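Report on the following structure.
There are 2 protein chains.
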Amino acid sequence: MDKLVVIGGGAAGMSASSRARKLKPDMEITVFEATKMVSHAPCGIPYFVEGLFNDENLFMTYTPQFFEEKRKINVKINTKVTEVDLDSRIVYAESKDGKIKAEYDYLVISTGSLPKKLSVEDGNDRIFYAHHPANAVELREKLWSLNNIAIIGGGILGVEMAEALTHLGKKVILIHRGKYLLNRTLDQELGNIITQRIMKDAEVRLDERVETIKNGGRLIITDRGKYEVDGTIVAVGVTPNVELVKDKIKLGETGAIKVDEHMRTNYREVYSAGDNTESIHIVTGKPYWVPFAPVANKMGYVAGSNIGGHEMKFPGVVNTQITKYKEFYIGRVGLQEDEAKRYGFKPIAATISGKTRARYYPDAKDIHIKIIADENSKKILGGQIVGGEEVLGRIDMLAAAIMKGFIIEDTFFIEMGYLPAISRVWDPVIVAIRQLMKDE
Amino acid sequence: MDKLVVIGGGAAGMSASSRARKLKPDMEITVFEATKMVSHAPCGIPYFVEGLFNDENLFMTYTPQFFEEKRKINVKINTKVTEVDLDSRIVYAESKDGKIKAEYDYLVISTGSLPKKLSVEDGNDRIFYAHHPANAVELREKLWSLNNIAIIGGGILGVEMAEALTHLGKKVILIHRGKYLLNRTLDQELGNIITQRIMKDAEVRLDERVETIKNGGRLIITDRGKYEVDGTIVAVGVTPNVELVKDKIKLGETGAIKVDEHMRTNYREVYSAGDNTESIHIVTGKPYWVPFAPVANKMGYVAGSNIGGHEMKFPGVVNTQITKYKEFYIGRVGLQEDEAKRYGFKPIAATISGKTRARYYPDAKDIHIKIIADENSKKILGGQIVGGEEVLGRIDMLAAAIMKGFIIEDTFFIEMGYLPAISRVWDPVIVAIRQLMKDE
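Heads up: the protein sequence lines correspond to chains A and B, in order. Under this note's numbering, the first residue of the first sequence carries the number 3, and numbering increases by one thereafter. Under this note's numbering, the first residue of the second sequence carries the number 3, and numbering increases by one thereafter.
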């Protein structure tokens, strides 16, 4: 009987094990998870902090018991893998009950990502990383007891934490290295809109670099000033968690584990999936790294399919991102304009502002759209949207278009729906596209 | 100097003339419009009746003055074209100021559609067609004065009028020939959901055929009963308005004007665009007819481009439809399951019900999705969604997928955005698609 061992019970690990179970009812499947949670959702942390829900079990799509009982998967929570012997196909793990040695025929590495750290002096009792749901209850308790809170990093997590904390009435200072917030998500035209919006609620410090954090998180020293606060959230990004295997397995140029289309590492029976795994960007054909749950889930599904004997290939990523801040939804897909240049494209772009509803329908929201295409091939390279409603679906549509190499004119002709209550007869996306056509 | 004459100043006609003007600044362009409105939006009528806006000028994207002044287009409103001499290239028209004779080098026929009528006896002072915005003020005044109103026809317009009138507190009886409402939009699984919802607000009579309407609209006789009401709205569909040219120009099998990819009729200098024009269904490659404004606009844009000397081809349609009823948005694209069978496909389908937000995020809405694919080619043939939010964009995404022949697996891998506040980590569309994959 084949044995599958999965290291890490997050999105990718549980997808892989569930899919393998479906295809191979007799396989012995064991998942080692270092925390108390499996199939957990870090994306929910800001909303838990905001107080939108209170039951930490809701962080889990399914409980360990569900996987044990319904899917016959051995789930070892609070169990940390300490070593992997890839040549002998053995995983060593440890829990409070002692050491475990597990042999495998197939291995899935799905260890996720780790938050990047900053230089810290004099303790860290007031330094927080909103990274893992297993610590969310403690995180929330502490944050709720503080008044002046610094967030370092104005990416998606930083902005989401700013939304949560300002909603709670906290005084927030947001310190960001970039010239505007969300600069890894949006180009400046659209990024400025969000930056200015957040400035209404929080003190935003741009183009500023943190040198060190002192007094356990109560003092922040940057290249331009000092800030005294009650505590500090560090949200300066994540990095693939490859600690366990980095000397044993081939990593890619992004620092994540290199895999082929089947999600196989350089060991034929060892798969990697999720935030610890490198992918290929569909637009560039080059290595890329996207640490988001939908990608992790699909990587896991592909790994599990192949382990289960049903061949499947992961096509790569287009870096779809979506977040929100108060009344604004914020989405992007594909390459930003600078990225496009860096990869050797000759980007042309159209940025338009419009409304989300027919001119006569009440309560229309603003929507701002940037579309980037390649002047030579006419292919759509990227899209960015900031708006009050129906941002997600437009981004999803552009994701489909970009993944299959739609040119500008293909995109113009997508027969988008029109309902006065929720769209425009010339959809704002089509208006932007039409502008690119006129440039021809 | 080239002369362009456009018959009909709706979406298609004004798109065609605007685009031609852009490309040929010196062209002499004349638009004949039988009513007082141009670039008008019939889709707004139910919302005007509901009282969501009061200024009838909002039905127009731009006024005749705008086109005259900003785009140098001669707009002749309240002017009816009475005859077209295609061999001599002359259009004859009439207004209260007298007769007009206009020669052309290019002609665009964009006469739109007409509402289908029913057998009527004894006058029609209480029979209404919610078809043209030019009559919306009068329509609304009359409807507001009535209490018991029948709507005949449970398609999109009938449902939208039911939403408006029940919202106003009117007693509505909705009489429909089909087994469930919106049966030309949705398959029965999803159609039932909407039908049951509307039954809470209105008396819904299904599978019932109107034989005649009497007493000016106060008495309806069907094959199963008689209904006394204060007035009757007839919403049994529309038909291409080809009266003017039906004996002179080639019509297609749908009854609309046949055109090539350039929107040209069998006369090289005569184009046709909008609701009076036949298209090709991209999925089947067969003639099809879609009387919706976004298609009309793009047809007009293509006609205007070609007249302006910039070659462009219209790729065909996938019949995207979107409407709403109270808290439900309702969308479809591509073929329904029955249609797919009729066209010789071997449809497989997955229907799922899910939620629109992460399980921990408050106020999630229900969403119901049906995806139809072809068992042989694995191509996506159609999609239908009924749900409380973010229906439009998912339909738009499926429209893109269907237009470019995505197979099931391509669609599974679309990197859809995930934000707990507005989607699920396994998007409901992907859940439906995944179910189709498991059937393989």
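We put the CB at the ideal spot given by N, CA and C, even for glycine. None of the values given here were measured: they were computed from a predicted structure.
### Query
For B:R91, which residues of its own chain have a beta-carbon under 8 angstroms away from its beta-carbon, when the five flanking residues on both sides are left out?
E105, Y106, D107, L109, E271
### Message
Cβ closer than 9 angstroms: which chain A residues qualify as neighbours of B:Y331?
### Response
L421, A423, I424
### Task
For the alpha helix (DSSP H) containing A:K38, list its first residue and its last residue.
Looking at the DSSP string, A:K38 is not in any alpha helix (DSSP H), and its letter there is neither H nor E.
### Query
Does DSSP put B:H283 in a helix, in a strand, or in coil?
strand
### Message
For the beta strand (DSSP E) containing B:L207, name the first residue and the last one.
### Response
Inspection of the sequence shows that residue 207 of chain B is occupied by Arg rather than by Leu. That run of the beta strand (DSSP E) goes 205–207.
### Query
Got a sec: which bits of the region 296–317 of chain B sit with their beta carbon under 7 angstroms from any beta carbon on chain A, in order along the chain?
P296, V297, N299, K300, P317
### Query
Between the Cα of A:G389 and the Cα atoms of A:I75, A:I332, A:D429, A:F415, which residue gives the shortest distance?
A:I332
### Query
Tell me, which residues are paired with A:F415 by DSSP?
Answer is none; A:F415 lacks a bridge partner.
### Query
Quick one: what does DSSP say B:Q437 is sitting in, helix, strand or coil?
helix
### Task
Name, please, each residue of chain A whose Cβ falls closer than 7 angstroms to the Cβ of B:L145.
Under the 7 angstroms cutoff, chain A gives no residues; its nearest Cβ is about 18 angstroms from B:L145.
### Task
Could you check how far apart the C-beta atoms of A:T353 and A:E391 are, in whole angstroms? I think they sit under 8 angstroms.
Actually they are not in contact, since the Cβ atoms of A:T353 and A:E391 sit about 19 angstroms apart, beyond 8 angstroms.
### Query
Helix or strand or just coil, what does DSSP make of A:V427?
coil
### Query
Listing by chain order, which chain B residues have their CB less than 8 angstroms from the CB of A:F415?
K300, F316, P317, M405
### Task
Note down the Cα distance separating A:G100 from A:T81, rounded to an integer number of angstroms.
9 angstroms
### Message
Buried or exposed, going by whether 16 or more other CB atoms sit within 10 Å of the CB of A:E442?
### Response
Its pLDDT being 48, under 50, A:E442 is placed unreliably by the model, and nothing is read from it.
### Message
For B:E341 and B:A152, what's the separation of their Cα atoms in angstroms?
### Response
30 angstroms
### Message
Please identify the residue among A:I373, A:H169, A:S112, A:I223 whose C-alpha is closest to the C-alpha of A:A204.
### Response
A:H169
### Query
Taking the beta strand (DSSP E) that A:T65 falls in, what are its first and last residues?
Note, A:T65: premise wrong, no beta strand (DSSP E); not H, not E.
### Task
Evaluate B:S147 with the Cβ neighbour count: other Cβ atoms within 10 Å of its Cβ, from every protein chain shown; 16 or more gives buried, anything less gives exposed.
exposed
### Message
From the DSSP secondary-structure annotation, give me the bridge partner or partners of A:N76.
### Response
A:T32
### Message
In whole angstroms, give me the CA-to-CA distance for B:P293 and B:L192.
### Response
23 angstroms
### Query
Got a sec: is the Cβ-Cβ distance from A:I196 to anything in chain B below 9 angstroms?
no
### Query
Using a beta-carbon distance below 9 angstroms, is A:G276 in contact with chain B?
no
### Task
Kindly indicate if chain A contains any beta-carbon less than 9 angstroms away from that of B:V433.
no
### DSSP state of B:H169 mapped onto helix, strand, coil
helix
### Residue span of the alpha helix (DSSP H) that contains A:L221, given as start and end
Careful: A:L221 lies outside any alpha helix (DSSP H), inside the beta strand (DSSP E) at 221–224.
### Query
Roughly how many whole angstroms lie between the Cα atoms of A:P44 and A:V161?
15 angstroms
### Message
DSSP three-state label for A:N230, please.
### Response
According to the sequence displayed, residue 230 of chain A carries Glu and not Asn. Strand, per DSSP.
### Task
Using a Cβ cut-off of 7 angstroms, pull out every chain A residue sitting near B:I452, in sequence order please.
The structure shown does not extend to residue 452 of chain B, since chain B spans only 3 to 442, so no value can be given for it.
### Message
Would you say A:Y363 lies against chain B (beta-carbon separation less than 9 angstroms)?
### Response
yes
### Message
Would A:L54 pass as an interface residue toward chain B - the criterion being a Cβ-Cβ separation below 9 angstroms?
### Response
yes
### Message
Nearest by alpha-carbon distance to A:E70: which of A:F55, A:S41, A:D4 is it?
### Response
A:S41
### Task
Out of B:V236, B:L421, B:K328, B:H264, point me to the one whose CA is closest to B:H126's CA.
Note on residue identity: the sequence assigns Asn, not His, to residue 126 of chain B. When each option's Cα is compared against that of B:N126, the closest is B:V236.
### Task
For A:Q437, return the contacting residues in chain B, with the cut-off set at a CB-CB distance below 9 angstroms.
Ordered by position in chain B, no residue passes the 9 angstroms Cβ test against A:Q437, which lies about 12 angstroms from the chain.
### Query
Would you report the Cα separation of A:G336 and A:K202, rounded to the nearest angstrom?
30 angstroms
### Message
Is it buried or exposed, B:M3, if we count other Cβ atoms within 10 angstroms and call 16 or more buried?
### Response
exposed
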